[in-house]
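These protein sequence lines map, in sequence, to chains A and B.
The first sequence begins at 53 in this note's numbering and counts up by one.
The second sequence begins at 53 in this note's numbering and counts up by one.
Where is the CB? At the ideal position from N, CA and C, for every residue including glycine.
These numbers were taken from a predicted model, which means no experiment stands behind them.
Protein chains: 2
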Amino acid sequence: MRHYRIPDETVKRLPVYLRGAVLLLKDGKKSLSSGELAGFIGASPAQIRKDFSYFGAFGTRGVGYDTPKLIKQISKILKLNKRHKAVLVGIGNLGTAIMVYTGFSIYGFSIEAAFDNDAKKIGKKINGITIEDIAKLRTIRAKKIQIAILAVTSGQAQRVAESLVNNGIKGILNFSPCRLEVPKNIKVISIDIALDMARLPYYMPKT
Amino acid sequence: MRHYRIPDETVKRLPVYLRGAVLLLKDGKKSLSSGELAGFIGASPAQIRKDFSYFGAFGTRGVGYDTPKLIKQISKILKLNKRHKAVLVGIGNLGTAIMVYTGFSIYGFSIEAAFDNDAKKIGKKINGITIEDIAKLRTIRAKKIQIAILAVTSGQAQRVAESLVNNGIKGILNFSPCRLEVPKNIKVISIDIALDMARLPYYMPKT
DNA sequence: GTATGTGAATCTCTTCACAGCA
DNA sequence: TGCTGTGAAGAGATTCACATAC
Numbered sequence: 053m054r055h056y057r058i059p060d061e062t063v064k065r066l067p068v069y070l071r072g073a074v075l076l077l078k079d080g081k082k083s084l085s086s087g088e089l090a091g092f093i094g095a096s097p098a099q100i101r102k103d104f105s106y107f108g109a110f111g112t113r114g115v116g117y118d119t120p121k122l123i124k125q126i127s128k129i130l131k132l133n134k135r136h137k138a139v140l141v142g143i144g145n146l147g148t149a150i151m152v153y154t155g156f157s158i159y160g161f162s163i164e165a166a167f168d169n170d171a172k173k174i175g176k177k178i179n180g181i182t183i184e185d186i187a188k189l190r191t192i193r194a195k196k197i198q199i200a201i202l203a204v205t206s207g208q209a210q211r212v213a214e215s216l217v218n219n220g221i222k223g224i225l226n227f228s229p230c231r232l233e234v235p236k237n238i239k240v241i242s243i244d245i246a247l248d249m250a251r252l253p254y255y256m257p258k259t
Numbered sequence: 053m054r055h056y057r058i059p060d061e062t063v064k065r066l067p068v069y070l071r072g073a074v075l076l077l078k079d080g081k082k083s084l085s086s087g088e089l090a091g092f093i094g095a096s097p098a099q100i101r102k103d104f105s106y107f108g109a110f111g112t113r114g115v116g117y118d119t120p121k122l123i124k125q126i127s128k129i130l131k132l133n134k135r136h137k138a139v140l141v142g143i144g145n146l147g148t149a150i151m152v153y154t155g156f157s158i159y160g161f162s163i164e165a166a167f168d169n170d171a172k173k174i175g176k177k178i179n180g181i182t183i184e185d186i187a188k189l190r191t192i193r194a195k196k197i198q199i200a201i202l203a204v205t206s207g208q209a210q211r212v213a214e215s216l217v218n219n220g221i222k223g224i225l226n227f228s229p230c231r232l233e234v235p236k237n238i239k240v241i242s243i244d245i246a247l248d249m250a251r252l253p254y255y256m257p258k259t
């Protein structure tokens, strides 16, 4: 039964469930119980069932979930049932790594354009994508790209983010260690490597 | 006043507060109120005060926080008051990017060793660090390295993680998209880029 | 018999609102 | 007066336990 509000934590877990289901299907598991999936990804069965319940009833009582059907359902919830084009801005070391990273494709993402402001990089080709001058960012609108990956320096991030939003971007995966101020209909998800690293010592025993 | 249990969410925010305080101090702010810090990093003043209160009383009523003192206090809580040596395993595209990434240093981390299993990479030098054969991982114990950054493929991650733990590593920053099974006194923090990307479309309006 | 789906209970985290102190 | 520090209240997320359906 559809509830009024879906917990954010639930949305965070859905991609984990999706990946788990995909891997288990590859392994030949045509059908899954919440317990099997839980064991595979390291979660609790009750959590999985509760999370699914926010979106409806996916399974069969006494049996479990049909794996391909489950994959379709989660994909649809996450709007991953269609492919998504993405643009990458900032082709430094991290940007290059992201460019050749293959992990996005299982969720249906493909990087369709890349921009930088460094003349030495513009015109170069990585993975079949030619790096363009950031001054020509507006071309992403015609390409109907709505997702951006931001891998520029902190100093440039806010300015580039605004430019992206002005050119039709609706969601940003942000790798710069700073807060982005964007209109509230734009979703920003930030990955801050140093921030995560910084809390490791807290949890480590003794020295 | 020290409470029995510190919320995990609080620990996640401490590095944000720390970075904010450092940046504001650089900007000349010798003293801070919870409201100023909150505005700078995008949080609520009450949240900041509550978070600090788990560890004691850092400020002066009616005045605020002495910025350098605050930085020291948070650093101490996070055990960032000493420098931490880290080892990087997996010098692919992402590993190389991490190797040259400068964002760790403000928290006192330095990468002191790097390993890979690719003969073509072994012996190469990046940023002053020579890439060593992963077969020689045991040398990290003598160097007293307790933190590892794992940037190998999913297939190798579990095996390498075990090897790291066997050689004295107490905390792992894991970039591979898989769960690591480690003894429970070992802390793993995972960064899964594709997973974060995968929930972007959910939040985006329309198509 | 077996595993889902879900209200209720529990636990955790955040916000409030104000006492306490410079 | 002004801002911290903190119990209490409120909101949010997880776990429990069982009715429900195959």
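Three-way DSSP call (helix, strand, coil) for residue i in this model
{"i": "residue 145(B)", "result": "helix"}
{"i": "residue 122(B)", "result": "helix"}
{"i": "residue 106(A)", "result": "coil"}
{"i": "residue 153(B)", "result": "coil"}
{"i": "residue 244(B)", "result": "coil"}
{"i": "residue 58(B)", "result": "coil"}
{"i": "residue 228(B)", "result": "coil"}
{"i": "residue 162(A)", "result": "strand"}
{"i": "residue 192(A)", "result": "helix"}
{"i": "residue 84(A)", "result": "strand"}
{"i": "residue 139(A)", "result": "strand"}
{"i": "residue 116(A)", "result": "strand"}
{"i": "residue 258(A)", "result": "coil"}
Min CB distance residue i to chain A below 7 Å
{"i": "residue 152(B)", "result": "yes"}
{"i": "residue 155(B)", "result": "yes"}
{"i": "residue 53(B)", "result": "Note on residue 53(B): pLDDT 38, under 50, position unreliable in the model; no value is reported."}
{"i": "residue 135(B)", "result": "no"}
{"i": "residue 229(B)", "result": "yes"}
{"i": "residue 219(B)", "result": "no"}
{"i": "residue 106(B)", "result": "no"}
{"i": "residue 159(B)", "result": "yes"}
{"i": "residue 69(B)", "result": "no"}
{"i": "residue 247(B)", "result": "yes"}
{"i": "residue 142(B)", "result": "no"}
{"i": "residue 226(B)", "result": "no"}
{"i": "residue 73(B)", "result": "no"}
{"i": "residue 149(B)", "result": "yes"}
Proximity below 7 Å, CB of residue i to CB of residue j
{"i": "residue 184(B)", "j": "residue 167(B)", "result": "yes"}
{"i": "residue 204(A)", "j": "residue 141(A)", "result": "yes"}
{"i": "residue 164(A)", "j": "residue 126(A)", "result": "no"}
{"i": "residue 63(A)", "j": "residue 251(B)", "result": "yes"}
{"i": "residue 239(B)", "j": "residue 255(A)", "result": "yes"}
{"i": "residue 119(B)", "j": "residue 187(B)", "result": "no"}
{"i": "residue 86(A)", "j": "residue 101(A)", "result": "yes"}
{"i": "residue 193(A)", "j": "residue 220(A)", "result": "yes"}
{"i": "residue 257(A)", "j": "residue 136(B)", "result": "no"}
{"i": "residue 234(A)", "j": "residue 200(A)", "result": "no"}
{"i": "residue 171(B)", "j": "residue 149(A)", "result": "no"}
{"i": "residue 143(B)", "j": "residue 173(B)", "result": "yes"}
Whole-angstrom distance between residue j and residue i, CA atom to CA atom
{"i": "residue 60(A)", "j": "residue 107(A)", "result": "13 Å"}
{"i": "residue 117(B)", "j": "residue 90(B)", "result": "13 Å"}
{"i": "residue 53(A)", "j": "residue 109(A)", "result": "The predicted position of residue 53(A) is uncertain, since its pLDDT is 37 and thus under 50; no value can be drawn from it."}
{"i": "residue 147(B)", "j": "residue 175(B)", "result": "15 Å"}
{"i": "residue 111(B)", "j": "residue 246(A)", "result": "26 Å"}
{"i": "residue 94(B)", "j": "residue 231(A)", "result": "8 Å"}
{"i": "residue 244(A)", "j": "residue 113(A)", "result": "41 Å"}
{"i": "residue 83(B)", "j": "residue 75(B)", "result": "12 Å"}
{"i": "residue 177(A)", "j": "residue 206(B)", "result": "27 Å"}
{"i": "residue 58(B)", "j": "residue 195(A)", "result": "48 Å"}
{"i": "residue 81(B)", "j": "residue 132(B)", "result": "22 Å"}
{"i": "residue 92(B)", "j": "residue 208(A)", "result": "17 Å"}
Whole-number beta carbon distance between residue j and residue i, since they are thought to touch under 8 Å
{"i": "residue 130(A)", "j": "residue 67(A)", "result": "7 Å"}
{"i": "residue 156(A)", "j": "residue 249(B)", "result": "6 Å"}
{"i": "residue 65(A)", "j": "residue 158(A)", "result": "With a Cβ gap of about 17 Å, residue 65(A) and residue 158(A) do not count as contacting."}
{"i": "residue 152(B)", "j": "residue 169(A)", "result": "That pair is no contact at about 19 Å."}
{"i": "residue 225(B)", "j": "residue 202(B)", "result": "7 Å"}
Min CB distance residue i to chain B below 7 Å
{"i": "residue 115(A)", "result": "no"}
{"i": "residue 84(A)", "result": "no"}
{"i": "residue 63(A)", "result": "yes"}
{"i": "residue 130(A)", "result": "yes"}
{"i": "residue 252(A)", "result": "yes"}
{"i": "residue 239(A)", "result": "yes"}
{"i": "residue 222(A)", "result": "yes"}
{"i": "residue 180(A)", "result": "no"}
{"i": "residue 232(A)", "result": "no"}
{"i": "residue 100(A)", "result": "no"}
{"i": "residue 122(A)", "result": "no"}
Distance cut-off 6 Å: residue i Cβ against heavy atoms of the ligand COA
{"i": "residue 237(A)", "result": "The ligand content of the structure shown is nil, which means the ligand COA is not present either."}
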